[in-house]
Amino acid sequence: MDSFSYSEKRRSGNQADAPERSRNRAQCEVVSILYGENAFVYDGVAVEEPENLPSSIGSNYEWASRDVSRFPSIFDSRAVLLNWANDNCILRNLSYGSCVKLVACGENERVFYGKENSKDDFFYVYSYLFYDMYLRFPLNVFQMDVLKTLNVAPTQLHPNSWGYIQAFAVMCQALALNPTVALFLYFFRTRPIEKRGWVSLITEPGDPILDLYAQSFRGFKTQFFRVSITESGRSFFFNEDSSSKFPLYWTQNPRKLTSWPKEDMTDIELEALSVIAALPRPFSSRKIINCLEHDDMNSRVLAVMGKKASLDWFAAAHAKKNKGGSSILTTVKNPIHVDDERPPPERPLSRKQKIITGGDSKASDKNKGGTSALRTIKNPIHDDDESPPSPERPLSRKRKAVTGGDPKASDKGKSIGGVVDPHADRDIPNGMWDAAFNLGHKIEFNFDLAEQKVMEKTSEQNMADYCLEFACRAAAAAWNLAYASNRGNLVTELERLKTEHAKCEQQRKESEKMIVKGREITENLQKASVEMKKVNERLVADLEFSRKENEQLKKSLTILTAEREALRQTITENQELQDEMTDAIILEHTRGFKKALRQVSFILNVCTEGVNFDIRKDVYQGEWVPIDVIPAGSFPDDEPAGTPTEAMATEEATRIETPEGNSGVPAVEDAPVLDLV
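The sequence shown: position 260 = 260 (full-length UniProt numbering), numbered continuously.
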């Protein structure tokens, strides 16, 4: 059940779980802790892919412990984080779904990294907080105040320390106390290490109030992810001046505390401290936190705490009178003011009319100042070190005058002797076995004169004998009624059937939920099947089209390959023919040139090997010049000068005509020289 304290209702107007209705700071403070069925709200939160971080970011966090930096997150993709989020409860209710979103972590991301280049504010959390500690978003005021006071981020606090915080808050909620940082840190101290790692809360040696949640908390170091704060959820995590309500990122200077001094506590906190200090401790953090699974969380927590002592430890907490001011227990509805409604004074009794009895000494006590503490029980037990026992009240044998009262109130059982009972609407959670169920001081006998004389004449010894006898008879009758009669068996059977009926009803509700969930899964599977069928048909059509296109491409490739081979063969043949023709042309040209030289030498009887005879020159415009300087096209009947064929022929002729060893210079002989000019 979601139980709000009185202070939260006063601030939020019973609308603390409706963030969409208002955004003022008063309505954005959560005080209570969810339990029972209301603590299990699934889905409703968005999940996103990790952001890209620069690879050199780790060099900025050399102050962090190496043990922390060794562990990347297992939630490295949206799929992994979404799969986990679907199986866990994260929000207080679905209306908070727009306040936060979950973001996966990158491979190089570590839990102590800051905001860096992220556009949204965020903080890291470990996944164990949700399924082990029953933490829900948004965080309540007490949790954020502890983080702010210790100057640590949520993941900077060790899991066992979170167990202390959650168990203390649950314990205070069951006791109708308002948990504060001063109360909590009175029982704990911190000692941060020099190399910044996880910060642990240490209990006071020799007198711890809570045991460790787990002696060895394993497997949590890699199970972290981002919680990104959206614009609509900033009022739950930031103050009006835009400062965060607790450190979002790891700090380099966690606060070192020994113990919160009593001098810094308020009167209300001191009164609550006296209540908590009277408890028989230590308590199991795990057992107290596990009570959040059940709708009757308060009674289960009290049962866990009550097992530490045989007596009702509530008695010592409320035995001390309130000396003034408002009580720490004013968080309950309708606090009782004893001074406002006092019973009418009794008439003075004579000495003979009084006997010493072991009646309720608390019933006639007056509260001397201010508001009374919460009256959880009727007969508180006084500790010897706090206050002496109250004097026994003499019991009058005279009939008291009965004053008229409201008949309607009397019919409802809310008036005694015409005086309205201020405790008529109080809760008695444990039934007849509850310490608040006390009837001794409420019994009255309206004796007539004869009956009164009989009572006055009866000695105390006879009264004791009568009490013993009738008590034994009543016990025998009760035993026979409970165990020896059929009615007792029927009552036992009825209780058993009621228990079985309650179990069956619970199973029926769970079955209905499973049926609804199964229907949703079936519908989703049907939709997914239709989509998969459509996708499969599209893939088959695409595959057939691709197969046909592939066949066509194969045919085209075969044709092109054949054409390529034919072209390659043609090119090879043409190249061979060209080579043969080139050699033949050069040879024919060379032979013709040699033939012309021999004819000139024979006909004109001149020497063709003289100094002035050079086959690399020609007559152009009346001058003897090299062939390569004659412009192309100067001789229309011949090939253009400088063509590769002419150059090759000239070079070949020179090579043939030039004797070996003359370096291309014609030999000088006494032969006649032909003047071609």
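Virtual Cβ for every residue (Gly too), placed ideally from N, Cα, C.
Predicted, not measured: the structure shown is a model, and the values here were computed from it.
Per DSSP, the bridge partner or partners of residue i
i    : result
V619 : W624
I515 : Paired residue(s): none; I515 is not in a bridge.
F283 : L210
K101 : A46, S228
I202 : R189
F123 : V227
R196 : A64
L539 : DSSP output for L539 lists no bridge partner at all.
L257 : T190
DSSP-derived helix/strand/coil call for residue i
i    : result
R189 : strand
N24  : Any reading at N24 must be qualified, since the residue scores a pLDDT of 45, below 50, and its modelled position is unreliable; no value is offered.
E48  : strand
C291 : helix
A278 : coil
F545 : helix
R226 : strand
R508 : helix
S242 : coil
A64  : strand
R70  : coil
Y249 : coil
L91  : strand
F75  : coil
Spatial distance of residue i from residue j (CA atoms)
i    : j    : result
D87  : W162 : 22 Å
L183 : P282 : 16 Å
S285 : S200 : 15 Å
E551 : I559 : 13 Å
Y126 : F112 : 12 Å
L34  : K533 : 44 Å
M297 : Y134 : 13 Å
A169 : E293 : 15 Å
E49  : G106 : 9 Å
L270 : L157 : 27 Å
V530 : M514 : 24 Å
N524 : V535 : 16 Å
N446 : N462 : 21 Å
I74  : Y131 : 17 Å
V491 : N480 : 13 Å
T180 : F142 : 6 Å
N117 : K101 : 18 Å
C99  : F236 : 8 Å
F635 : D628 : 13 Å
I229 : N52  : 18 Å
F246 : F238 : 8 Å
L279 : A436 : 18 Å
C607 : Q578 : 37 Å
H589 : K617 : 17 Å
E573 : R564 : 14 Å
W250 : V47  : 23 Å
Exposure label - residue i; buried when at least 16 CB within 10 Å
i           : result
A272        : buried
G233        : buried
A562        : exposed
T258        : exposed
residue 729 : No answer is possible for residue 729: the residues shown for the chain start at 1 and end at 677.
I288        : buried
T155        : buried
D211        : buried
P55         : Here residue 55 is Ser; the residue named in the question, Pro, does not match the sequence. S55 comes out exposed.
C172        : buried
G114        : exposed
E109        : buried
E341        : For E341, the predicted model reports a pLDDT of 35, less than 50, meaning its position is unreliable and no value from the coordinates is stated.
P254        : buried
L147        : buried
If you scan the UniProt domain "Transposase (putative) gypsy type" (134-191) from start to end, which runs of the alpha helix (DSSP H) of 4 or more residues do you find wholly inside it?
The UniProt domain "Transposase (putative) gypsy type" (134-191) contains these whole alpha helix (DSSP H) runs: 141-150, 159-174, 181-186.
Enumerate, from N- to C-terminal direction, the unbroken beta strand (DSSP E) stretches of 3 or more residues contained entirely within the region 452-506.
DSSP runs (the beta strand (DSSP E)) wholly in the region 452-506: none.
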